[in-house]
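**Student:** Below is one structure. I have some questions about it.
Numbering (our numbering), first residue to last: 1 to 265.
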């Protein structure tokens, strides 16, 4: 870290994981990593620090992901009080682990698990808009010491997300309600399996469908708070929508490809 920050004018911390694998844990990557980075930045006199966190970050959260994100925010602010904190909702884009994950699931599953009834609300934000927000936070000194919540132009329930994906890729599937008390132990089991399998198996198995910690996150809506500073407060307008961006990369999951459509007859 000291070598990486040598001669730097600003620091952007984008380090984060969605699930634990091997030696990568939420605690050492998100909490301890951010704290160490901020300490070194402070030692080098770097006042421009952007910590990319997440909506729902809370040091008291029952979710390890949200808890360590909250701890990271506190550590960063302690070392670099002028740090800008950005809290995006679910970030989407061509290589995301959100829309792509659900689209991939439809290839081999006829039932889509609506955890908690699929009522959890989310406000997906385009990766390009998040990148622009980061650039603005680095360049604009007026953002120092402030926290911004980043969300797209529309709020969706998980059921609406499923419906959008299935319609976009033309793979209709049934949704089945999976209560939290059933989904959570299933998630913890799959998460444990993926965490301890040998690294050479990761590429073959891909990502687990759900983990216990992700089930815990789904108990709380992931949307921008009414009183939060937002993308618009950063001067960012023309925020991209899911409908405008996601179909440009989800087409590859259609049974018939990008252009051909089945007969209407």
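All C-beta atoms, glycine included, are put in the ideal place defined by N, C-alpha and C.
So if DSSP puts residue 11 in a beta bridge, which residue, or which two residues, is it bridged to?
**Tutor:** Paired residues: 49.
**Student:** Report buried or exposed for residue 13, applying the criterion of at least 16 other Cβ atoms within 10 angstroms of its Cβ.
**Tutor:** Answer is buried; the Cβ neighbour count reaches 16.
**Student:** Please classify residue 257 as buried or exposed, where buried requires at least 16 neighbouring CB atoms within 10 angstroms.
**Tutor:** It counts as exposed.
**Student:** Between which residues of its own chain and residue 166 is the CB-CB distance below 6 Å, once the five residues before and five after are set aside?
**Tutor:** Cβ neighbours of residue 166 beyond the five flanking positions: 172, 173.
**Student:** Using 8 Å for Cβ pairs, my map puts residue 121 next to residue 221. What's the rounded Cβ distance?
**Tutor:** Correct: roughly 4 Å between the Cβ atoms.
**Student:** For residue 211, does the count of other Cβ atoms within 10 angstroms reach 16, so buried, or fall short, so exposed?
**Tutor:** With 16 or more other Cβ atoms within 10 Å, it is buried.
**Student:** Is residue 87 closer than 7 Å to residue 268 when the C-beta atoms are compared?
**Tutor:** Beyond the ends of the chain as shown, which are 1 and 265, falls residue 268; an answer cannot be given.
**Student:** What's the gap between the Cα of residue 16 and the Cα of residue 27?
**Tutor:** Answer to the nearest angstrom: the Cα atoms are 10 Å apart.
**Student:** What residue range is occupied by the uninterrupted alpha helix (DSSP H) comprising residue 164?
**Tutor:** Element bounds for residue 164: 158 to 169.
**Student:** Rounded to whole angstroms, what is the Cα-Cα separation between residue 190 and residue 111?
**Tutor:** Straight-line Cα distance between these residues: approximately 18 Å.
**Student:** Kindly indicate which residue of 242, 213, 195, 225 has the alpha-carbon position closest to the one of residue 162.
**Tutor:** Residue 162 has its Cα closest to that of 242, out of 242, 213, 195, 225.
**Student:** DSSP has residue 125 in a bridge; who is on the other side?
**Tutor:** Looking at the DSSP assignment, residue 125 forms a beta bridge with 91.
**Student:** Taking all protein chains shown into account, do 16 or more other C-beta atoms lie within 10 angstroms of the C-beta of residue 78, making it buried, or fewer, making it exposed?
**Tutor:** Residue 78 comes out exposed.
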